[in-house]
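Structure record follows, encoded as structure tokens.
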Amino acid sequence: MSMTEGKLSSFSMPPDDLSHVPFRVYTDQELYALEQERVFRGPTWNFLALECEIPDLGDYKTTYVGDAPVIVVRGQDGGVNALVNRCAHKGALICYKQAGNVREFNCVYHNWTYDLAGKLTGIAFKRGVGGKGGLAPDFDQASHGLQRLRVETCRGLIFGTFSDKTPSFLEYIGTELAANIDRVFIKPLRVIGYHCQALPNNWKLYAENNRDSYHASLLHVFHNTFGVVRPNMGGGVKVSESGWHHLSFTQREPLGDKEVGREKVRSLKDQYKLKDPSMMEHKLELGDQVTNAIQTVFPSLVVQQILNALAVRQIQPKSAGRTELVWTILGFADDDAEMQELRLKVNNLVGPAGLISMEDGCVGGFVQRAAKADPAAMVVMPMGGRGIAGSEGSRVTEAAVRGFWKGWRECMGFR
Amino acid sequence: MLGRDLILRLRIESLYAEYAQTIDDDRLENWPGLFVEDGKYQVTTRENHGNGFALAMMYCDGRGMMSDRISALRSANIYEPHVYCHLISCVRVLDCTSQEISAQANFAVIRTMQEGDQTIFACGRTFDRIVEADGRLLFKSRLVVLDSRQVDTLLVIPI
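Protein chains in written order, with this note's numbering: chain A, 21 to 435; chain B, 179 to 337.
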């Protein structure tokens with residue numbers, strides 16, 4: 021038994037009960053370490069980057085899968101390679117800049133060189149100098165390349181896995197939820213910009229928050245006050261068969277191609293009106309009447325459509341009590357000037373200053389701080405029953421959050 | 179010439195100080211009035227700005243949107259109470275035509291929470307276009323560029 025497993029030998033999850041979670045899961049640094057091995061290096065697809073961020077040969081960006089730094093690079097054959105950003109020699113970071121373009125990878129420390137697929141192609145002073153020194157004759161260069169992740173792409177989203185037990189991406193999320201990825205990413209994308217929000221809480225609190233359709237019109241008072249989402253709008257929650265992934269969505273009655281926010285923007289109490297509701301305009305562009313769709317891919321991806329604000333959010337755990345949330349804000353490559361301006365305005369709703377999303381930044385911290393003193397006390401999630409089945413029409417359910425815990429338990433081995 | 183430049187500089191520094199203390203003193207309802215009616219306010223990051231990305235975390239096109247941000251802060255958004263202290267330096271007047279003044283300044287905002295925790299919440303540069311109206315200087319546009327891509331927890335009070 022490893023030291024970590026030894027320290028965790030007293031830990032267990034309530035058996036056969038997805039509705040209760042001990043607060044210790046948010047605060048325990050040993051559990052965080054075990055998650056690195058069992059979740060992030062386990063049978064999971066981890067979001068890495070978008071194809072449109074690395075269009076040309078040698079384009080790369082750096083990211084993380086759990087704590088592991090990863091390079092995502094456009095390779096020789098036009099495909100994408102994902103390599104652990106760590107030299108096979110002494111372990112230094114190969115790429116210490118966030119993005120760029122290279123012909124090959126050179127480690128600055130001892131100039132070991134790798135091709136774009138991670139194969140070790142060059143070792144400085146391999147033959148020594150003046151007939152002295154050099155590489156040990158039995159060194160097997162071929163087995164000292166950069167560690168590779170298996171990669172799959174889906175509609176321009178790039179995923180990586182460390183485990184050979186991970187099924188195909190389509191099997192992983194299921195056809196019902198894959199349909200939303202097809203629905204959103206219908207055309208070539210363009211990146212409008214990035215946000216990064218430092219959350220003072222465990223990554224799982226944010227992962228739960230995204231699956232929690234129950235809080236949307238309650239915590240995010242802007243929804244109700246300014247009429248973005250009301251509990252009586254149509255929609256529902258879909259949960260994958262495994263429970264690991266979900267989609268919650270809201271839709272309105274058909275009103276034609278363009279909704280002008282002015283008439284609709286009124287609070288439930290009819291008190292507050294926006295002086296300038298132009299950011300609430302929604303040009304239907306995805307072929308249906310869905311106004312909001314939040315989709316999660318376990319463990320760390322959120323796909324967001326809120327009116328015309330499209331984004332992917334990557335949850336990056338940093339420690340038991342800290343997470344970085346990286347938002348890639350998107351549009352389509354063929355957006356005209358009017359759509360570009362609309363997207364800039366509607367993006368006021370999301371991100372770290374998001375009029376409807378900012379609270380997700382602080383509410384996780386509220387749990388983290390209140391839970392700290394009582395690791396054995398339990399979270400309880402009774403909304404929508406005890407199971408993980410989705411619900412049509414209703415978003416007043418915690419089924420998708422229970423589904424997340426099913427996924428976590430299965431990866432961690434805590435049934 | 180020098181006298182006029184000095185007076186202009188003092189007036190701009192005075193506008194910057196008034197802007198900072200309007201926010202720091204929680205007189206946020208007065209914040210939109212520091213801009214012209216169709217003034218623009220944006221907060222972005224050095225990363226986005228440097229890469230030519232137009233995305234802003236806060237984007238107010240006109241006083242109406244600014245006022246709506248403050249209404250949301252007062253009555254809709256949820257956040258732990260905190261205050262800012264703006265520190266402003268390196269004020270530079272880059273250009274002055276009969277139409278407008280182009281100026282920049284460095285800034286840092288120290289955020290203090292209720293329990294007293296303090297942090298350097300943000301620092302960077304403001305890029306400003308300023309005009310004169312009825313003897314007052316007002317912002318035609320203010321672009322706040324944060325050096326860090328990371329915002330701690332959330333951004334609700336304008337910078």
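Virtual Cβ for every residue (Gly too), placed ideally from N, Cα, C.
Only a predicted model underlies this, so the values are computations on that prediction, with no experimental measurement involved.
- When C-alpha distances from HIS264/B are compared across PRO210/B, ARG182/B, THR297/B and GLN220/B, the shortest belongs to THR297/B.
- Taken through DSSP and simplified to helix, strand or coil, TRP209/B comes out as coil.
- DSSP places ALA53/A in the uninterrupted alpha helix (DSSP H) bounded by 49-55.
- Contact annotation: the region 197-210 of chain A does not touch the region 372-380 of chain A, with fewer than three C-beta pairs closer than 8 Å.
- Only PRO372, ALA373, LEU375, MET378, GLU379, GLY381, CYS382 and GLY385 from the region 372-388 of chain A bring a Cβ to less than 7 Å from some Cβ of chain B.
- Interface annotation for the region 343-361 of chain A against chain B: GLU344, VAL346, ILE349, GLN360 and GLU361, criterion Cβ-Cβ distance under 9 Å.
- With distances taken between CA atoms, SER280/B lies nearest to ARG187/B out of ARG187/B, TRP209/B, ARG182/B and LEU180/B.
- Nearest CB-CB separation between LEU70/A and chain B: not below the 8 Å threshold.
- The residues GLN282 and LEU321, in chain order, have a CB closer than 6 Å to that of PHE305/B in the same chain once the five nearest residues on each side in sequence are set aside.
- In the DSSP assignment, TYR257/B falls outside any beta strand (DSSP E) and carries neither an H nor an E.
- At a cut-off of 8 Å, the C-beta of LEU333/B has a neighbouring C-beta in chain A.
- The count of Cβ pairs closer than 8 Å, one atom from the region 383-401 of chain A and one from the region 33-51 of chain A, reaches three, so the stretches are in contact.
- Assigned with DSSP and collapsed to three states, HIS215/A falls in strand.
- Listed along chain B, the residues sitting closer than 8 Å to LEU364/A by beta-carbon distance are ALA232, LEU233, ALA234 and TYR237.
- For LYS139/A, the CB contacts under 6 Å within the same chain, skipping 5 residues up- and downstream, are GLY165 in chain order.
- Among the CB atoms of chain A, one or more fall inside 8 Å of the CB of TYR257/B.
- By the beta-carbon neighbour count (other beta carbons within 10 angstroms, threshold 16), GLN388/A is buried.
- For ARG247/B, the three-state secondary structure derived from DSSP is helix.
- Contacts between GLU215/B and chain A, judged by CB atoms closer than 9 Å, are missing: the closest CB pair is about 11 Å apart.
- DSSP lists GLY256/A as the beta-bridge partner residues of GLU412/A.
- In its chain, beyond the 5 residues on either side, ARG224, CYS301 and GLY302 have a beta carbon closer than 6 Å to the beta carbon of ASP325/B.
- From the listed residues GLU418/A, LYS338/A and VAL257/A, the smallest Cα separation to LEU197/A is found for VAL257/A.
- In the DSSP annotation of this structure, LYS318/B is not part of any alpha helix (DSSP H); the continuous beta strand (DSSP E) holding it starts and ends at 314-324.
- Any Cβ of chain B closer than 8 Å to the Cβ of ASN368/A would place that residue at the interface, and such an atom is present.
- For GLU225/B, the C-beta contacts it makes with chain A under 7 Å involve TYR214, in order along the chain.
- Annotation: SER411/A to ASP87/A spans about 35 Å, alpha carbon to alpha carbon.
- Proximity of the region 222-242 of chain A to the region 319-337 of chain A meets the contact definition, three or more beta-carbon pairs being nearer than 8 Å.
- Per DSSP, GLU124/A lies in no alpha helix (DSSP H) and is assigned neither H nor E.
- Leaving aside the five residues that flank SER414/A on each side, the residues in its chain whose CB is nearer than 7 Å to its CB run, in chain order, GLY256.
- Within its own chain, the residues whose Cβ lies closer than 6 Å to the Cβ of LEU77/A, once the five positions on either side in sequence are excluded, are ARG94, listed in chain order.
- Put simply, the CB of MET291/B is far from chain A, with every gap to its CB atoms at 8 Å or more.
- Taking 8 Å as the cut-off, the beta carbon of GLY180/A is found closer than this to the beta carbon of LEU169/A.
- By the criterion of at least three beta-carbon pairs nearer than 8 Å, the region 209-218 of chain A is in contact with the region 336-356 of chain A.
- Looking only at VAL370/A, PHE269/A and PHE434/A, the smallest Cα-Cα distance to GLN309/A is reached by PHE269/A.
- With a contact defined as Cβ atoms closer than 8 Å, ASN200/A and GLN96/A miss out at about 33 Å.
- For ILE314/A, the uninterrupted beta strand (DSSP E) run begins and ends at 310-317, by DSSP.
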